[in-house]
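Chains as they are written, first to last, in our numbering: chain A, 20 to 447; chain B, 225 to 577.
Structure representation (structure tokens):
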């Protein structure tokens, strides 16, 4: 075949696929090109809705973050500090984020059901859907389905996380692998993302043509879905290779690296900003180690600053770039942490009264919605469950929260009809 | 009478409705004091059960020490207070002794100085008479957890999160010596996102020849701080490690001191269960404890009475369940107690006929 010369093609198909197991259904991949130019940025801003989910895995304590209760029975040793919203206080551990509070909408009245990680994490990330006998998609997959534009050629749902990367098709639930999640391990492109030296554009094009020809022939008398997913995997890989500069930390200004911090979560949130600027529809950033059943207060002194500084930076940056108008920012965990301090000076799991922080698109900034009682034990106002939160998020994004999916002849509500109410006061 | 650790028995349980972090006997031996997470300092007369509360702190009272008739206490909002301990009269306060928590303090043997350490990586000295700043010692690169004065009254040591122990003298601008206790620090995820451990407690032997550093080692995670309790004993003269006292216990050394004869006594908070604290006594040489009390309550601190025969342990006392979520019924905070032990046989009250 012309173009496949004597060169040993060091990146085999299988090795590249190793990072993208599962494949996706057809979404064309050509990308928007590097960081957005101002004119293009303006066009994008007008059209596109995007989401940033900062996933605090393990359970962030509401006492040591969004709803401090200093000098009370369960309040712990930290102070509360004023924020940029008059009369509103956050924990002293959110020193930087407190200055961005006027951009935030904090729901202090979450009351959910699940106190376990293994069931609670998928439950909340799926929106606690009704039990219809099918696995619902995670929020990122759902948003990809409802929001992603075919002309947007970047992967619609990316999760920047510590550890290894890969492709997680099961996030998509019944939507199928087309809406799965591309995991970027430690913010870095997968291995073998660079084209081998000596492999020219002509040779690459010829290889691609050969592959596509072989795939078309193979697909002639076979089911479309899996073949499309398989093709999509290659297209995604090609797209990422074309946008490798988005993952090149040397292209980030030292000033930004200082502002976000050079620690893991700082780098990942800065990476997230770059992907949002490039037009990725849904970016999730995952932070681990928050499940502090022991030595909780010492650990909060370490963990909260790692979150505070880059979270404040990305909220500020999105605002300054005009992106908060069309970007929904969500910071949440699977639950909060107990008021009661345990036998190891820790806090345990607590879904009964906790907080979720939001910002951006469609929300009322500088708003604290609801509150707990003075001890932080119970919700003192109207309480909200996961379904209400998702109903509100959909509405904020301009999506119909009563939308449905069609799956194998079954009509499935996107959000549990029992929770078809917005969180009062959260929306603009 | 000489203490006999093998005869250790509980004498009293002095209860408080909230958890305790630190305890000390007064120099006169009549009282035991404790610092609580309800921001109070509690004083029990050892002959009575009900404590007197000293009010004034605005955060958890995490450190205390005595000089003659004075008690120094410090909290997690950074304040240092000195009281007349017999009647609880406050004498002076430094509100911002540290920018952050005060984690530890130690009073000089002559009672004139108190040194404090904190989360601002600093060690500071203050006059016990009036709270005037008397020195600042900067060399640590992380939270400083503990300080201890040597019996010579000139030197003191400070130990931090990373297991670095510096020796200082009043007026020194740099550490006189530095010791390696890094076995007491773990980065369990190897990515610097969670630093577990630190030099939680330090104590000098009465003759000043040894320094014991206590904490935990080989932490598996930050979630449950599951690690092995460890005491590292250093030779003060040459700075070398004399021995590791590793009792194969999942937990953290939270209390540490020496008896007059060189016996090292240490107590730990268990990593898993409320009742899984433990108390050990090690002879001056060797690594096997000469006695242990398993299944004491989770311990937060330990103090030796001036008579050398009694111990106080600041303990956790459970109230209601420990665990996730809320169940029906009252939601009570856990409590604390100071448990007083005697290291001697009970007096023989039988009359010989």
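Note that the Cβ used here is the ideal one computed from N, Cα and C, for glycine as well.
| Asked | Found |
| --- | --- |
| Residues bridged to residue 108 of chain A [DSSP beta-bridge criterion] | A:101 |
| Contact residues within the segment 276-293 of chain B, judged by C-beta distance below 9 angstroms to chain A | 282, 283, 284, 286 |
| Neighbouring residues, chain A, relative to residue 447 of chain B (Cβ below 8 angstroms) | 77, 308, 310, 311, 312, 313 |
| Check whether residue 312 of chain A and residue 447 of chain B have beta carbons under 8 angstroms apart | yes |
| C-alpha gap between residue 161 of chain A and residue 375 of chain A, whole angstroms | 20 angstroms |
| Assigned secondary structure, residue 237 of chain B (DSSP; H/G/I helix, E/B strand, else coil) | strand |
| Any non-hydrogen atom of the ligand MN within 7 angstroms of residue 378 of chain A CB | As for the ligand MN, it is missing from this structure, which has no ligand bound. |
| Beta-carbon proximity list for residue 97 of chain A, same chain, < 7 angstroms, skipping 5 on both sides | 83, 87, 89, 110, 111, 112 |
| Alpha-carbon spacing of residue 346 of chain B relative to residue 290 of chain B, whole angstroms | 21 angstroms |
| Of the listed residues A:395, A:418, A:380, A:69, nearest to residue 80 of chain A (C-alpha basis) | A:395 |
| Opening and closing residue of the alpha helix (DSSP H) in which residue 233 of chain A lies | 220-238 |
| Any chain B beta carbon closer than 8 angstroms to residue 202 of chain A | no |
| Beta-bridge pairing of residue 432 of chain A - partner residues as DSSP gives them | A:423 |
| N- and C-terminal bounds of the beta strand (DSSP E) containing residue 367 of chain A | 366-369 |
| CB of residue 326 of chain B within 8 angstroms of CB of residue 299 of chain B, strictly | yes |
| Contact list for residue 283 of chain A against chain B, beta-carbon separation under 9 angstroms | 415, 416, 417 |
| Proximal residues, the segment 354-366 of chain A versus chain B, C-beta separation under 9 angstroms | 354, 357, 358, 359, 360, 361, 362, 363, 364, 365 |
| Endpoints, alpha helix (DSSP H) assigned at residue 293 of chain A | 283-297 |
| C-beta contact flag for residue 180 of chain A and residue 305 of chain A at 8 angstroms | yes |
| DSSP bridge partner residues for residue 515 of chain B (one or two, in chain order) | B:505 |
| Residue 381 of chain A, enclosing alpha helix (DSSP H) - first and last residue | Residue 381 of chain A -> no alpha helix (DSSP H), and no H or E assigned at all. |
| Exposure of residue 240 of chain A, with buried meaning 16 or more beta-carbon neighbours within 10 Å | exposed |
| For residue 68 of chain A, the three-state DSSP class (helix, strand or coil) | coil |
| Classification of residue 560 of chain B by the beta-carbon crowding that lies within 10 angstroms, buried from 16 upward | buried |
| Any chain A beta carbon closer than 8 angstroms to residue 579 of chain B | An answer regarding residue 579 of chain B cannot be provided, because it is not within the stretch 225 to 577 covered by chain B. |
| Simplified DSSP state of residue 136 of chain A, which is helix, strand or coil | helix |
| Three or more C-beta pairs below 8 angstroms linking the segment 192-199 of chain A and the segment 314-327 of chain A | no |
| Extent of the continuous alpha helix (DSSP H) run through residue 275 of chain A | 273-279 |
| Cβ separation of residue 452 of chain B and residue 428 of chain B, assumed to be a contact under 8 angstroms, to the nearest whole Å | Residue 452 of chain B to residue 428 of chain B, Cβ: 24 angstroms. No contact. |
| Contact the segment 275-283 of chain A vs the segment 254-267 of chain A: 3+ CB pairs below 8 angstroms | no |
| Span of the alpha helix (DSSP H), counted from its first residue to its last, around residue 405 of chain A | 405-415 |
| Cα-Cα separation between residue 159 of chain A and residue 445 of chain A, rounded to whole angstroms | 21 angstroms |
| Candidates B:463, B:360, B:534, B:436: closest to residue 225 of chain B by CA position | B:534 |
| 8 angstroms Cβ shell around residue 321 of chain B - same chain, five flanking residues per side excluded | 298, 302, 303, 304, 340, 342, 348, 350 |
| CB contact below 8 angstroms: residue 507 of chain B versus chain A | no |
| Simplified DSSP state of residue 166 of chain A, which is helix, strand or coil | helix |
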